[in-house]
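As numbered in my numbering, residues 32 to 186 make up the sequence shown, in order. Glycine included, every Cβ here is placed at the ideal spot set by N, Cα and C. A short write-up of the structure that comes next.
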Amino acid sequence: MDDGYRRIARCVVVEERFASGIVGIIDTSSRCALVLRRLDTDRDYPSQWCFPGGRANAGETTIEVAEREALEETGLTIRRLESLGRRESTGATGRVYSIDCFLTQSWSGSLIPFPSAEHAAAAWVPFEALVRLEPIGPATSWLASTIWSRFRNAE
Numbered sequence: 032m033d034d035g036y037r038r039i040a041r042c043v044v045v046e047e048r049f050a051s052g053i054v055g056i057i058d059t060s061s062r063c064a065l066v067l068r069r070l071d072t073d074r075d076y077p078s079q080w081c082f083p084g085g086r087a088n089a090g091e092t093t094i095e096v097a098e099r100e101a102l103e104e105t106g107l108t109i110r111r112l113e114s115l116g117r118r119e120s121t122g123a124t125g126r127v128y129s130i131d132c133f134l135t136q137s138w139s140g141s142l143i144p145f146p147s148a149e150h151a152a153a154a155w156v157p158f159e160a161l162v163r164l165e166p167i168g169p170a171t172s173w174l175a176s177t178i179w180s181r182f183r184n185a186e
């Protein structure tokens with residue numbers, strides 16, 4: 032039935048967010064944190080420095096993600112994760128990640144060789160240099176600043 036008005040269909044776009052977890056693995060004796068450099072071919076964050084982490088698999092908590100990804104990406108087994116907060120980050124492909132950020136001072140094992148399948152390099156970076164690390168995404172920047180703020184005066 033034509034009532035003299037144009038009917039306009041409304042389209043609702045729901046932005047999908049990918050649950051993720053990252054972890055700052057720190058060594059307080061050397062006052063350093065472990066960071067990884069992504070490969071140039073990474074789809075969302077090419078060549079950026081990051082903390083170990085990644086996207087959740089079905090049924091996986093973000094703590095489990097951080098533990099699994101730390102082991103896969105570094106060879107280190109991490110324990111006693113402290114939750115620091117959640118940040119969002121949009122990758123180069125437009126994917127939006129909801130990232131839970133963790134910190135641990137408890138880890139064991141040895142670093143895997145780099146470059147690896149996912150990362151070009153790994154480095155233990157002094158706390159004070161974390162805030163000058165570039166290029167990095169917003170969640171990595173926030174976690175780096177949080178680590179520096181917490182440990183800048185600790186001896």
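Could you tell me if Ala170 is buried or exposed, where buried requires 16 or more neighbouring beta carbons within 10 angstroms of its beta carbon? buried
Select from Leu65, Thr124, Phe49 the residue whose C-alpha is nearest the C-alpha of Thr135. Leu65
Inter-residue Cα distance where the pair is Ser147 and Thr105: 9 Å
With H, G and I counted as helix, E and B as strand and the rest as coil, what does DSSP make of Ser172? helix
Quick one, are the C-beta atoms of Ala153 and Gly55 less than 9 Å apart? no
Spatial neighbours of Arg86 within its chain, please: CB distance less than 6 Å, with the 5 preceding and 5 following residues excluded, ordered by chain position. Phe49, Ser51
Pull up the DSSP beta-bridge partners for Thr124, would you. Thr124 is not bridged to any residue.
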